[in-house]
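The numbering of the sequence shown is this note's numbering, which starts it at 1 and goes up by one. Glycine included, C-beta positions come from ideal geometry on N, C-alpha and C. Worksheet for the structure shown next.
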Amino acid sequence: MLAVRGIYKNGKLILNEKIRLPKFMKVIVTFLDDIQEKNNNIIDINQFSFVQAQKILEDYKGSLSDSVINERKSEL
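Now the structure itself:
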């Protein structure tokens, strides 16, 4: 197995070094940096209050604690 660093830019994979390979070779590409998607639901903790939390959750049915636990488990 051979590992080569490079970058992915504008839909193309650009390797940091030239390598010679057969015409056909299977590869696995791993993106090292986390891809961050913009989340409009992010709360600015400096501008958030308990009253706002209550208002957001007033129509929520179920256990908030269980939802948080399940969300954290799914991210492991």
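*Could you check the C-alpha separation between Leu64 and Ile56 for me, to the nearest Å?*
Position 64 of the sequence shown, counting from 1, holds the residue named residue 64. Position 56 of the sequence shown, counting from 1, holds the residue named residue 56. Distance between the alpha carbons of Leu64 and Ile56: 12 angstroms.
_Nearest residue (CA-CA) to Met1, options Lys9, Ile19 and Lys12_ = On the sequence shown, position 1 is the one that residue 1 refers to. Of Lys9, Ile19 and Lys12, the residue nearest in Cα terms is Ile19.
*Report the three-state DSSP secondary structure of Lys55 (helix, strand or coil).*
Stepping through the sequence shown from its first residue, residue 55 is reached at position 55. DSSP places Lys55 in helix when its eight states are reduced to three.
*Who are Gly6's beta bridge partners in DSSP?*
As a position in the sequence shown, residue 6 is number 6, starting the count at 1. DSSP output for Gly6 lists Leu15 as bridge partner(s).
*Simplified DSSP assignment, three categories, for Glu71*: Taking the sequence shown and counting its residues from 1, the one referred to as residue 71 is at position 71. Correct three-state label for Glu71: helix.
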